[in-house]
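**Q** Residue numbers (the numbering used here): 6 to 733.
Virtual Cβ for every residue (Gly too), placed ideally from N, Cα, C.
The model shown is predicted, which means the values in this text are computed figures rather than measured ones.
Okay, here's the structure, questions in a sec.
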């Protein structure tokens, strides 16, 4: 066997042996005073990393000396760089440079002159190769000034040396000179277009600059040259995730896993993307696989908790976040997520403990300040909450947290009577929400256009064109609780679900699934609704109940099931087509209070909720929604019971009893204790989650009057509706 081949096999076997017999380990020293465990590096672990890296180094040397492509050797010294670190925000920094020695070049020249000619580059020389090696060693050792001097010395002799240009660019970005880095690395690429690492690092520089499309281009070019470039796949996925393109991100994380199935980071990053896509079960499986590969990965445990949150498995989420904190006591995101569990499930005492622990172990951080402020607001200490928020740091925080800060400050200032500051904060919060990844994929105008289309086709003539159908009434039609958002539907929901004969599905995608099924068939939506046949109607009703049953307790066997989704009022035509006997409970609130409350809330963004980021859009949506609701009532024989929010908070029993009569039920005294019902719920999925646990209050009534000057542009739209609905 040729000596060189034997050497490569020997290097491979030694590397695998080192990797197999020496595994990373961590020890946990318990600090009784803080009741936390802190991971400490063990000497054996460091020795293992060194030996494993040395084995990889040997293999890389042999591959390079054998005139394998530079990418073969780069793969292994990339493994040296990145095998124990995050795949994201990594700049490819050299550990050692590997070049062909002259004797092997001469030997290969005799057997394959053409191959050598194609591999020998004009900038390569023994002096340059040695200088590159020395400079890279300085670079890797943190001696950046010596490294820079070395690279510049090479460039004096060989002005367009791409390796020196590339690493001088890496030095530039490490020193905070990103513009110079772009110029240097771009010049390196112009000299050596197939320089994968340079394309990759150029992508990293662009990502640091927020030029995400340019970053994507850099990563993709590096992958064209080197398709199995793990780091490029990882950073490409991370960039797509940053842009809110979670499906694209997931695709690249899957490619990472295909290339390296045992890479824990790839599995947990895929899990994070799937959580954003709402594919929570698969996200749980991905993060569990990541934990199997790396049991003490704080990031994987934290991501697992987020997936459990999506499944509303709050106990499992809590345990995951707590374990992440146990592994890494200063893990801010895990502390923040744990506090979020307690905040959203109204566990105030646990929230208090979580905030105290976070302050003990973590440096000052906006995400933690938000939870501290929420706790202070629950305690009624609005002045201190304002101080905490105004003094919270904003560096290196995503737009969603900055938006959350402004929104909480607006609410605090509103409670303190500072309407001018409150409105400014609400405006800023909504402006920041437009900078989140989710905002890039929603369109407020698109939602309003759907309502405008309904106004055009929902005519008596259209209803007369409906095919005659007799729906199978083997399952009773649900009751639909509708109204404009922030009309008090969550309060009414909480009161009614206190009745033993009522089950409620809270904001489930029931009608949405039916509409999508109709649209998927193609053709005109209005014609599809009108032309339904018996089989189509039965299929759509079955689909509806399939979705509904996912969001109610099927074992409860209550006589009344309520489907609560405020904006289902714009789908009353489809609901009536599916369920001619359906009943509607329509909740009203003063239009100005209603619209302004939407403007000051933080919603999960979609086409509908995006309208509330702008006051004029919110008022227009209200106007269109009420128009179509009035038109449906004029053209369809809807069974509707209208409730005024203001009457509900003035006289709970006097307002609820007629609703119960409409539903065929009797009054129960337990309905007065609706706050206890709210506290028993696992989670309330609306912005009112922490309000319905309080006694009835009237402070939100007439709030809009304090903001009359701010609302002046939309009053001509809203006040006519106020008069129409009987408000003074």
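How about residue 316 and residue 293: do their beta carbons lie closer than 8 angstroms?
**A** For the purposes of this step, residue 316 is identified with residue 311 of the chain shown, where counting begins at 1. For the purposes of this step, residue 293 is identified with residue 288 of the chain shown, where counting begins at 1. No, these two residues do not count as a Cβ contact at 8 angstroms.
**Q** DSSP beta-bridge partners for residue 589?
**A** Here residue 589 refers to the residue found at position 584 of the chain shown. 485 and 645.
**Q** With residue 251 and residue 282 assumed to form a contact (beta carbons below 8 angstroms), what rounded beta-carbon distance in angstroms separates them?
**A** Position 246 of the chain shown, counted from the first residue, corresponds to residue 251. Position 277 of the chain shown, counted from the first residue, corresponds to residue 282. The pair is a contact, with the Cβ atoms about 5 angstroms apart (cut-off 8 angstroms).
**Q** Which two residues bound the contiguous alpha helix (DSSP H) that contains residue 503?
**A** By 1-based counting over the chain shown, the position of residue 503 is 498. It is not in any alpha helix (DSSP H) - residue 503 carries neither H nor E in the DSSP assignment.
**Q** Answer yes if the segment 593-610 comes into contact with the segment 703-712, meaning at least three C-beta pairs across the two stretches below 8 angstroms, and no otherwise.
**A** Cβ pair count under 8 angstroms is three or more, so yes.
**Q** Using only CA atoms, which one of 327, 324 and 489 lies nearest to residue 650?
**A** Here residue 650 refers to the residue found at position 645 of the chain shown. The shortest Cα separation from residue 650 among 327, 324 and 489 belongs to 489.
**Q** Could you please give the first and the last residue of the uninterrupted alpha helix (DSSP H) stretch that includes residue 438?
**A** In the chain shown, counting from the first residue as 1, residue 438 sits at position 433. Residue 438 -> alpha helix (DSSP H) spans 424-438.
**Q** What is the DSSP secondary structure of residue 508, counted as helix, strand or coil?
**A** For the purposes of this step, residue 508 is taken as the residue at position 503 of the chain shown. Strand.
**Q** Determine the direct distance from the alpha carbon of residue 724 to that of residue 621, and round the result to whole angstroms.
**A** Counting from 1 along the chain shown, the entry for residue 621 is found at position 616. Counting from 1 along the chain shown, the entry for residue 724 is found at position 719. Straight-line spacing of the CA atoms in residue 621 and residue 724 works out to 14 angstroms.
**Q** What's the call for residue 132, buried or exposed, on a 16-neighbour Cβ count within 10 Å?
**A** Position 127 of the chain shown, counted from the first residue, corresponds to residue 132. Exposed: under 16 other Cβ atoms inside 10 Å.
**Q** Quick check on the burial criterion: 16 or more other C-beta atoms within 10 angstroms. Buried or exposed for residue 524?
**A** Stepping through the chain shown from its first residue, residue 524 is reached at position 519. Exposed: under 16 other Cβ atoms inside 10 Å.
**Q** So, for residue 555: in the same chain, excluding its five sequence neighbours on each side, which residues have a beta-carbon less than 8 angstroms away from its beta-carbon?
**A** Sequence index remark: in the chain shown, residue 555 carries index 550 (1-based). Only 513 meet the Cβ criterion.
**Q** Using only the heavy atoms of the ligand COA, determine whether one of them is closer than 7 angstroms to the beta carbon of residue 518.
**A** The ligand COA is not part of the structure shown, which contains no ligands of any sort.
**Q** If the criterion is Cβ atoms closer than 8 angstroms, does the pair residue 645 and residue 601 meet it?
**A** For this step, residue 645 is matched to residue 640 along the chain shown. For this step, residue 601 is matched to residue 596 along the chain shown. Cβ atoms of residue 645 and residue 601: not closer than 8 angstroms.
**Q** Residue 374 to residue 348, Cα distance in whole Å?
**A** Numbered from its first residue, the chain shown carries residue 374 at position 369. Numbered from its first residue, the chain shown carries residue 348 at position 343. Looking at the two C-alpha atoms, the distance is approximately 13 angstroms.
**Q** Residues bridged to residue 567 by DSSP?
**A** For the purposes of this step, residue 567 is taken as the residue at position 562 of the chain shown. BP columns for residue 567 point to 484 and 509.
**Q** Helix, strand or coil: how does DSSP classify residue 70 here?
**A** Reading the chain shown from its first residue, position 65 is the one you call residue 70. Confidence is the limiting factor: at residue 70 the pLDDT is only 37, short of 50, which leaves the residue's position unreliable, though a coordinate-based value still follows. Of the three classes helix, strand and coil, the one that applies to residue 70 here is helix, per DSSP.
**Q** Can you name, in chain order, every residue of its own chain whose Cβ lies under 7 angstroms from the Cβ of residue 189, other than the five neighbours on each side?
**A** Translated into positions along the chain shown, residue 189 becomes position 184. Contacts found: 170, 173, 174 and 177.
**Q** So, helix, strand or coil for residue 261, using DSSP?
**A** Here residue 261 refers to the residue found at position 256 of the chain shown. Helix.
**Q** Given a cut-off of 8 angstroms on the beta-carbon distance, is the pair residue 416 and residue 371 in contact?
**A** Indexing the chain shown from 1 puts residue 416 at position 411. Indexing the chain shown from 1 puts residue 371 at position 366. No, these two residues do not count as a Cβ contact at 8 angstroms.
**Q** Apart from the five residues just before and just after residue 522, which ones in its own chain have a Cβ nearer than 7 angstroms to its Cβ?
**A** Reading the chain shown from its first residue, position 517 is the one you call residue 522. Excluding positions up to five away in sequence, the list reads 545 and 548.
**Q** Beta-carbon within less than 7 angstroms of residue 632's beta-carbon, same chain only, minus the 5 sequence neighbours each way: which residues are those?
**A** Sequence index remark: in the chain shown, residue 632 carries index 627 (1-based). Excluding residues within five positions, the ones whose Cβ falls inside 7 angstroms are 460.
**Q** With a threshold of 8 angstroms, are at least 3 pairs of Cβ atoms found where one atom belongs to the segment 446-456 and the other to the segment 628-642?
**A** yes
**Q** Cα separation between residue 150 and residue 203?
**A** Here residue 150 refers to the residue found at position 145 of the chain shown. Here residue 203 refers to the residue found at position 198 of the chain shown. Whole-angstrom Cα-Cα distance: 21 angstroms.
**Q** Going by beta carbon distance, what residues of the same chain come within less than 7 angstroms of residue 561, once the five residues before and after it are set aside?
**A** Start at 1 with the first residue of the chain shown, and residue 561 comes out as number 556. Once the five neighbours on either side are set aside, the close Cβ partners of residue 561 are 508.
**Q** For residue 672, is the classification buried or exposed, using 16 other Cβ atoms within 10 angstroms of its Cβ as the cut-off for buried?
**A** The residue labelled residue 672 in the question sits at position 667 within the chain shown. Exposed is the call here.
**Q** Does DSSP put residue 730 in a helix, in a strand, or in coil?
**A** Here residue 730 refers to the residue found at position 725 of the chain shown. Reduced to three states, the DSSP call for residue 730 is coil.
**Q** By how many angstroms is the C-alpha of residue 404 removed from the C-alpha of residue 440?
**A** By 1-based counting over the chain shown, the position of residue 440 is 435. By 1-based counting over the chain shown, the position of residue 404 is 399. If you take the alpha carbons of residue 440 and residue 404, they lie about 6 angstroms apart.
**Q** Below 8 angstroms on the Cβ atoms is my contact criterion, and I expect residue 619 with residue 485 to pass it. Report the Cβ-Cβ distance as a whole number of Å.
**A** Translated into positions along the chain shown, residue 619 becomes position 614. Translated into positions along the chain shown, residue 485 becomes position 480. Actually they are not in contact, since the Cβ atoms of residue 619 and residue 485 sit about 28 angstroms apart, beyond 8 angstroms.
**Q** Which residue's Cα is closest to the Cα of residue 325: 285, 209, 306 and 143?
**A** Residue 325 sits at position 320 when you count from the first residue of the chain shown. Comparing Cα-Cα distances from residue 325 to each of 285, 209, 306 and 143, the minimum goes to 306.
**Q** Short of 7 angstroms in beta carbon distance, which residues of its chain neighbour residue 381, apart from the five on each side in sequence? Order them along the chain.
**A** Stepping through the chain shown from its first residue, residue 381 is reached at position 376. So the list reads 389, 390 and 393, once near-sequence residues are dropped.
**Q** So within the segment 133-166, which uninterrupted alpha helix (DSSP H) runs reach at least 4 residues, ignoring any that extend past its ends?
**A** Qualifying alpha helix (DSSP H) stretches, in chain order: 149-162.
**Q** Kindly give me the distance between the Cβ atoms of residue 482 and residue 322, rounded to whole angstroms, as I take these residues to be in contact under 8 angstroms.
**A** Taking the chain shown and counting its residues from 1, the one referred to as residue 482 is at position 477. Taking the chain shown and counting its residues from 1, the one referred to as residue 322 is at position 317. The pair is not a contact, with the Cβ atoms about 35 angstroms apart (cut-off 8 angstroms).
**Q** So, at 6 angstroms on beta carbons, what are the nonlocal neighbours of residue 224 in its own chain, with the 5 sequence-adjacent residues on each side left out?
**A** Residue mapping note: residue 224 aligns to position 219 of the chain shown, counting from 1. Contacts found: 208, 237, 240 and 241.
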